[in-house]
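*Asks:* Here you go, one structure.
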Amino acid sequence: MHIENSTEKDIPEIFRLYKLATALQKEKFPENQWPEFDRQLIETEVAEKRQFKINIDGKVACVWAITYSDPEIWKQDDGVSSIYIHRIAVNPDFRGNNYVKLIVEWAKNFAQDKKFIRMDTCGENLKLIQHYQNCGFEFLGIKKLQQAVNLPAHYQNADVCYFEIKL
782 MHIENSTEKD
792 IPEIFRLYKL
802 ATALQKEKFP
812 ENQWPEFDRQ
822 LIETEVAEKR
832 QFKINIDGKV
842 ACVWAITYSD
852 PEIWKQDDGV
862 SSIYIHRIAV
872 NPDFRGNNYV
882 KLIVEWAKNF
892 AQDKKFIRMD
902 TCGENLKLIQ
912 HYQNCGFEFL
922 GIKKLQQAVN
932 LPAHYQNADV
942 CYFEIKL
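Each number in the working numbering comes from the position in the sequence shown (counting from 1) with 781 added on.
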C-alpha cells in the first residue's frame with residue numbers, strides 16, 4: 782500500500798469512484814449527494830498535484846483532493862495556514878479499512894508547515910460526523926452556506942459541517 786499523486790491515467794477511475802460514492806450516498810444519506818463533478822476541476826487538481834490516491838496491489842483503493850485555500854466555505858481562510866481535504870472516495874472493494882485515518886496521518890506529515898487540517902461535508906449525517914471525529918477531527922458545528930457561486934451544486938444553500946485538526 783502506498784500514497785501517491787493521481788495521474789491523468791487515473792482520471793477515469795477517479796470518476797468511477799465518484800459515481801460509486803454518489804450511489805452509496807443516495808442509499809445511505811439521500812438528503813445530500815455529490816453532483817457530477819466537472820472534468821476540468823479534476824484535470825486541474827491532477828496537473829497541480831493536488832489529487833491523491835492510495836494504491837494497493839496495483840488497484841486504486843481511495844482517492845481525495847486537497848486545496849490550500851477554501852474561502853467560500855471557510856470564511857476566515859487566510860490562504861496559507863491550512864490544508865483542506867475534499868472528496869474522499871473509497872473503492873467498494875476496499876471499504877471498511879478506515880482510510881480517513883490513514884489520510885489524516887498522511888496529511889499531518891504533508892502539511893507540517895500548516896496550522897490546520899480542515900474538511901467539510903454537506904448535510905447533518907450523524908454517522909459521518911462521528912466517523913470524522915473518530916479519525917481525529919474536531920467537529921466545529923454546522924452552518925448554512927448562503928452563496929456558493931464557485932462551488933459544486935451540492936453546496937448551494939447547504940448545511941455544511943465543519944471539521945478541523947490543529948497541528
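We treat Cβ as the ideally placed atom computed from N, Cα and C, and that holds for glycine.
Everything numeric in this text was worked out from a predicted model, so none of it was measured.
(1) Can you tell me the Cα-Cα spacing of residue 806 and residue 813, whole angstroms?
(2) What are the partner residues of residue 832, as DSSP defines its beta bridges?
(3) For residue 892, report the span of its beta strand (DSSP E) as first-last.
(4) Count the other CB atoms, across all protein chains shown, that sit within 10 Å of the CB of residue 918; report buried if there are 16 or more and exposed otherwise.
(5) According to DSSP, is residue 791 part of a helix, a strand, or is it coil?
(6) Rounded to a whole number of angstroms, what is the C-alpha to C-alpha distance between residue 788 and residue 828?
(7) Among 932, 890, 866, 894, which has the Cα closest to the Cα of residue 913?
(8) Just to confirm the assignment: which complete alpha helix (DSSP H) runs, minimum length 4, are found wholly within the segment 866 to 933?
(9) Can you tell me whether residue 824 is helix, strand or coil according to DSSP?
(10) Whose C-alpha, out of 869, 911, 925, 874, is nearest the C-alpha of residue 831?
(11) Could you spell out where the beta strand (DSSP E) holding residue 947 opens and where it closes?
(12) Sorted by chain position, which residues of the same chain lie with C-beta nearer than 6 angstroms to residue 782's C-beta, five sequence neighbours on each side aside?
(13) Express the C-alpha separation of residue 785 and residue 818 in angstroms, rounding to a whole number.
(14) What's the gap between the Cα of residue 765 and the Cα of residue 796?
(15) Hey, out of 810, 928, 879, 846, whose CA is closest to residue 864's CA?
(16) From this set, 822, 875, 852, 859, which residue's C-alpha is nearest residue 839's C-alpha?
(17) Excluding the 5 residues flanking residue 881 on each side, which residues of the same chain have their C-beta closer than 8 angstroms to its C-beta?
(18) Cβ of residue 807 versus every heavy atom of the ligand FMN: is any distance shorter than 8 angstroms?
*Replies:* Reading from the atomic positions:
(1) Taken atom to atom, the span from the alpha-carbon of residue 806 to that of residue 813 is near 7 angstroms.
(2) As DSSP reads the structure, residue 832 sits in a beta bridge with 846.
(3) Unbroken run through residue 892: none, as it is neither H nor E.
(4) With 16 or more other Cβ atoms within 10 Å, it is buried.
(5) In the structure shown, residue 791 adopts helical secondary structure according to DSSP, grouped into three states.
(6) Residue 788 and residue 828 have their C-alpha atoms roughly 8 angstroms apart.
(7) Residue 913 has its Cα closest to that of 866, out of 932, 890, 866, 894.
(8) Counting whole runs of 4 or more residues, the segment 866 to 933 contains the alpha helix (DSSP H) stretches 880 to 891, 907 to 915.
(9) If DSSP states are grouped into helix, strand and coil, residue 824 belongs with the helices.
(10) The residue with the shortest Cα to Cα distance from residue 831 is 869.
(11) Per DSSP, the continuous beta strand (DSSP E) segment holding residue 947 begins and ends at 940 to 947.
(12) Here the set comprises 837.
(13) Spanning the two alpha carbons is a distance of roughly 22 angstroms.
(14) The shown model of the chain, from 782 to 948, leaves out residue 765, and the question about it has no answer.
(15) Of the candidates 810, 928, 879, 846, the residue whose Cα lies closest to the Cα of residue 864 is 846.
(16) Ranking the options by Cα distance to residue 839, first place goes to 875.
(17) Excluding residues up to 5 positions away in sequence, 869, 912, 913, 916 lie with their Cβ nearer than 8 angstroms to the Cβ of residue 881 in the same chain.
(18) Looking for the ligand FMN in the displayed structure turns up nothing, as the structure carries no ligands at all.
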